[in-house]
Structures are given as C-alpha cells and as structure tokens.
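**Student:** Okay, here's the structure, questions in a sec.
Residue numbers (our numbering): 22 to 546.
This is the structure we're talking about:
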C-alpha cells in the first residue's frame, strides 16, 4: 500500500535509479564513501552563516554551503526536479512560475486573505525530511547521506539549492488538503513558498471562524478552525504578524505585488527608486551611495541596487510600461555603459499595431474598407466580413501608405474573425497584448480603428463602456455604448491598459447595438 505522499508522486514508492542504493548514489555524485562520512560528521562546518535584512523588519539567517557541498546539492537537485510534479496552486521554486504568476491567480478578486507560515524552513526538520525520503522508498543508508548533504542544524538550510524543492515536496499534503478545503467553498488558493493566499468573488465567511473581520491585520484565532487545523496538522504555524485580509475596497497585495485589474508593483516601491535616482542626479553618485548605505547596510553598490529594482518593475509590468520606461531612461542617462533595454510607449504601440485594410472595390459587400491589428501570438487580426469574398486584400499603415498584400490564413464566418498572412517586415509593426481574464459590465474600454479612412486620417480612439455580455449562437460578444462606425470593423476594443478584449463586429446608426466579438473566441480558429 503506497503512503499518502508517495501516492501524490504518482504510485507506489520507487526511488529513482540514482537513489536506488548507496553505490548508485556514490556513482552519480562521483564521491567516495569516506567523503560522505566526513560530510555527515562535519557538515555544519561546510556552511557560512550570515543574516540579511527582511523587508518587514528583522533579519533572515542564510546558511550558504561551500563550493563542494553546493556542487553536490545542485547534482541532487537535478534528480529532485525529475521526481517532483508541482500542483497547480504552487508557484514558489517552480520553473516558469514566480511571485508574478502567483499574484495573477488573484486578479480582480473581491476578497483576499494572506497567511505567512512562521520559520518555514526551520520548521521542516531533518526528521520530516527523513520521513519524506522514506515515503518515497529511498533505502535507509541512502537516506542517511542524502540528509547529511541536504540538512544542517536539524533543518533545511535556507541558502541550499535543494531546500526549496524539498520544502515543496514536504508541503504536498498541505497543498492537497487546502485545495480540497477551497474547492468545496469556491475559494481560490495559491502558495508561494511560505505565503498562502486565498481569494473569492463572493462573501469570505468560510475563511473565518466568526464574523467577517474588518480589512487589515488579523490573528490566527480569527481564521476558520478547519483552516488552522490543516496548517497545524502539517507541522506549520501561522505567523501572527503576517496574517492579513483585504476587502472589496482594499488595495490588495499578494506576495508583495498589487492585484487589481493587473499585477502591479506597490507605489512606495516606485517612490524609493525615484528618490534614489533624484539623489544621484542632484548630488552625485558618491554622495547618494553613502547616504543610502547608511540607511540600508546591505547596499554595497547603489547602481546595482537601483538597477535590480527597475528590472523587477520590467519583469512585473513589461518592457513597454510607462513607469518602467521613465525610470529606465533616467537610469540610462546616469549609467550609459550599463543601460537598460527600452521598449515602446503606449502611443507608439497603439499606432504601429493598428492598420488600414482594403479589399477589391469590385466585390459588392458591406465592408470595402476596414481595420486590422497585430496581436501578440496571433498575428494580423480582423473581422472576417471585412475580407469575405475578396480576391485581393491589402493592408497599409497611414504613415507610410505602402500597401502590402495579405491573404486569409484562418477564419470563422460564424465568429466573424480572421487571421491574415502578410509580408510586412517585422520592424514596421508592433503588437498589442490579449487580455486573458474576462471583462466586467461597466468596465471602461477604448474602440480603436480607422473608420471612413482618408489620406491624413489618424487612428481614432473612442471611449466607451461595456454595457453587457451576451452569447449569440454560442459566440461570446461584448455590447459597448460607443459607436462602431463603418471602417471600424476588424479593429480592436482594448481595456485601460490597452489589452485587447474584443474585435469590432458591427454597429453604427443603422444597428440597434454596437457589438464586438470577445477576443477569447480567436482561440477557437
């Protein structure tokens, strides 16, 4: 009978070939028996221990392994990665997942609660790790030396490359039980290392033991006993200083990022960067270095420090974000030999993503001229009725007037969507991004396109709101209160961050409603 943990790893306990026996382990690590014994006896001497300041105050103790131990841990990590299959809610220490993807899980949720687990790595004792290895079917003598390489001072060392993935393995039961708790209550759960986040659209009553508390800091006894019981039964303790609830009108934060309509960095984070740049611009680099080093002793290079912060904004918001662009340009003036990559402004992307579409004048159709736009991961998009029946299709940008031939590569008449093949050089256009999440009624949008285009016309931008969502013949549509005129067809409808939410379908004075096809329908082509 497989154990609960081994079942979560996909069946009866059977160790990987590298851990099958002691000879296999030694061969894989290219290590002698004598060295393994030395590591087991003197491992605590193979770590450098030092504190680093926490953002919330206090210090975090890091145990950094020496070069030889680090090499062995990295070799073991390769095996652990093959063994571990992360669950969907887990975002910490998982490839292609991050604090950003973790925060994105809770976008637009009305209620959010964060629980931090106290002394996460220190509470994962050597005995618990031994139990995990036993559950995975690893022989006793192999376990002994794996523990010697992966643990020190009776716990997982924060600083060893193996600790994060072992902590995720240890937390598999916790994740499974919290997923079961949340599934029956329509709660969304995610975990980033020791940060647990729960969010809902509706009343969060089931997260709490009594009445829903006021937004702000909470104590563990305000949390549901069932939820507390799951955490404690898995050997963890909530950090009483880091339990917070955010209500509908609160500015919600998940793993240090703001979650509203999009994942964002907190304003104080940006203000600190601006203050550093201003100090360097006004007083010179040497003065600023001394000033900020006194405030934070860990800042040994102010240039590297501020660069890292700006790059984090780029990672969160993108290379084209206006806040990032403003900070990056200031940084590049100060440090031209180590400049940051600059993207494009919102206006530049809008302009070069939207094109005019023409088809044969001989075809008698309802649309002789329309709009088309470039969409990331899809290409050149328009409404199918703009190209239906055409033997020739041409697209051009008003700035250049040079016409490029295009053909329909994918289409759906029922959805009124088409993707065009073209020969436009890559350096002549930019692409908009798709909004993966759905939109809400009442949300502000912009209608972009070239209605009734003539020489000298510029891109038209009409402000509108989503009046309603409807489904006609199984096609999701958006009804807007702004006019979609002749020539707008095929153009994008974007949200306030210029993410595409729909494609202009029909409207104007002769139509009862102005309708766009929801952009998610494009994935069905």
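Just so it is clear, CB atoms sit at the ideal spot from N, CA and C, and this is done for glycine as well. Being a predicted model, the structure only gives us computed values, none of them experimental.
In whole angstroms, what separates the C-alpha of residue 468 from that of residue 498?
**Tutor:** Looking at the two C-alpha atoms, the distance is approximately 15 Å.
**Student:** Taking all protein chains shown into account, do 16 or more other C-beta atoms lie within 10 angstroms of the C-beta of residue 466, making it buried, or fewer, making it exposed?
**Tutor:** Buried.
**Student:** With residue 367 and residue 519 assumed to form a contact (beta carbons below 8 Å), what rounded beta-carbon distance in angstroms separates them?
**Tutor:** At roughly 6 Å, the Cβ-Cβ gap stays under 8 Å, so residue 367 and residue 519 are in contact.
**Student:** Would you report the Cα separation of residue 528 and residue 375, rounded to the nearest angstrom?
**Tutor:** Distance between the alpha carbons of residue 528 and residue 375 is about 19 Å.
**Student:** Among 443, 95, 515, which residue has its Cα nearest to the Cα of residue 87?
**Tutor:** For the residues 443, 95, 515, the minimum Cα distance to residue 87 belongs to 95.
**Student:** Work out the CA separation of residue 510 and residue 535 for me, nearest whole Å.
**Tutor:** Going by the C-alpha atoms only, they are around 11 Å apart.
**Student:** How should residue 178 be labelled, buried or exposed, when 16 other C-beta atoms within 10 angstroms of its C-beta is the threshold for buried?
**Tutor:** Counting Cβ neighbours within 10 Å, residue 178 comes out buried, since at least 16 surround it.
**Student:** In angstroms with no decimal places, state the Cα-to-Cα distance between residue 294 and residue 348.
**Tutor:** So the alpha carbons of these two residues sit roughly 8 Å apart.
**Student:** For residue 133, list the residues DSSP reports as bridge partners.
**Tutor:** Partner(s): 220, 267.
**Student:** Assign residue 260 to one of three DSSP states: helix, strand, or coil.
**Tutor:** Reduced to three states, the DSSP call for residue 260 is strand.
**Student:** According to DSSP, simplified to helix, strand and coil, what is residue 22?
**Tutor:** Because residue 22 sits at a pLDDT of 32, beneath the cut-off of 50, its placement in the model cannot be relied upon, and the following sentence gives the value as read from the coordinates. Three-state DSSP puts residue 22 in coil, outside helix and strand.
**Student:** Closer than 8 Å by C-beta to residue 105: which residues in its own chain qualify, once you throw out the five before and the five after it? Chain order, please.
**Tutor:** Contacts found: 30, 186, 189, 190.
**Student:** For the segment 157 to 172 against the segment 287 to 305, are there 3 or more C-beta pairs whose distance is under 8 Å?
**Tutor:** The segment 157 to 172, when compared against the segment 287 to 305, does not touch it at the 8 Å Cβ threshold.
**Student:** Measuring straight from C-alpha to C-alpha, what distance separates residue 213 and residue 52?
**Tutor:** Cα to Cα, residue 213 sits roughly 34 Å from residue 52.
**Student:** In this structure, does DSSP put residue 314 in helix, strand or coil?
**Tutor:** Three-state result, residue 314: helix.
**Student:** Between the Cα of residue 543 and those of 432, 533, 478, spot the shortest distance and give me the residue it belongs to.
**Tutor:** Comparing Cα-Cα distances from residue 543 to each of 432, 533, 478, the minimum goes to 432.
**Student:** State buried or exposed for residue 420, treating a residue as buried only when at least 16 other CB atoms are found within 10 Å of its CB.
**Tutor:** Exposed: under 16 other Cβ atoms inside 10 Å.
**Student:** Fully enclosed by the segment 74 to 125, which alpha helix (DSSP H) runs are 4 residues long or longer?
**Tutor:** Whole alpha helix (DSSP H) segments, 4+ residues: 88 to 104, 120 to 125.
**Student:** Roughly how many angstroms lie between the CA atoms of residue 215 and residue 141, to the nearest whole one?
**Tutor:** Distance between the alpha carbons of residue 215 and residue 141: 6 Å.
**Student:** DSSP puts residue 392 in a beta bridge; with which residues?
**Tutor:** Answer is 377.
**Student:** My output table needs one value for residue 172: the three-state DSSP class, helix, strand or coil.
**Tutor:** The answer is coil: DSSP assigns residue 172 none of H, G, I, E or B.
**Student:** Rounded to whole angstroms, what's the CA-CA distance from residue 41 to residue 89? Just pull it up for me.
**Tutor:** Going from the Cα of residue 41 to the Cα of residue 89 covers about 23 Å.
**Student:** Out of 123, 129, 34, 91, which has the shortest C-alpha to C-alpha gap to residue 152?
**Tutor:** It is 34 whose Cα lies nearest to the Cα of residue 152.
**Student:** Could you work out which residue in 334, 350, 340, 150 is closest to residue 193 when comparing CA atoms only?
**Tutor:** That would be 150, whose Cα lies nearest to the Cα of residue 193.
**Student:** Determine which residues share a DSSP beta bridge with residue 499 and list them.
**Tutor:** DSSP, once it has assigned bridges, lists 490, 537 as partnering residue 499.
**Student:** Quick one: is residue 210 buried, meaning 16 or more other Cβ sit within 10 Å of its Cβ, or exposed?
**Tutor:** Looking at its Cβ environment, which holds 16 or more other Cβ atoms inside 10 Å, residue 210 is buried.
**Student:** Over the uninterrupted beta strand (DSSP E) stretch that includes residue 428, give me the two end residues.
**Tutor:** That run of the beta strand (DSSP E) goes 424 to 433.
**Student:** I need the boundaries of the beta strand (DSSP E) containing residue 417, first residue and last residue.
**Tutor:** Looking at the DSSP string, the run of the beta strand (DSSP E) that includes residue 417 is 414 to 417.
**Student:** Which of the three DSSP states is assigned to residue 528 in this structure?
**Tutor:** Reduced to three states, the DSSP call for residue 528 is coil.
**Student:** Measure the Cβ-Cβ separation of residue 361 and residue 414 and say whether it is below 8 Å.
**Tutor:** Not in contact: residue 361 and residue 414 (Cβ atoms no closer than 8 Å).
**Student:** Candidates 221, 220, 263: which alpha carbon is nearest residue 238's?
**Tutor:** Minimum Cα distance to residue 238 is reached at 263.
**Student:** Nearest to residue 174 by CA position, among 276, 228, 64, is which residue?
**Tutor:** Comparing Cα positions, the closest option is 64.
**Student:** Can the beta-carbon of residue 512 be found closer than 8 Å to that of residue 430?
**Tutor:** Their beta carbons are not under 8 Å apart, which means residue 512 does not touch residue 430 by this criterion.
**Student:** Candidates 506, 181, 437, 369: which alpha carbon is nearest residue 453's?
**Tutor:** When each option's Cα is compared against that of residue 453, the closest is 369.
**Student:** Considering Cα atoms alone, identify which of 478, 496, 472, 461 is closest to residue 489.
**Tutor:** When each option's Cα is compared against that of residue 489, the closest is 461.
**Student:** Whole angstroms are fine: how far does the CA of residue 472 sit from the CA of residue 240?
**Tutor:** If I take the Cα positions, the gap works out to 58 Å.
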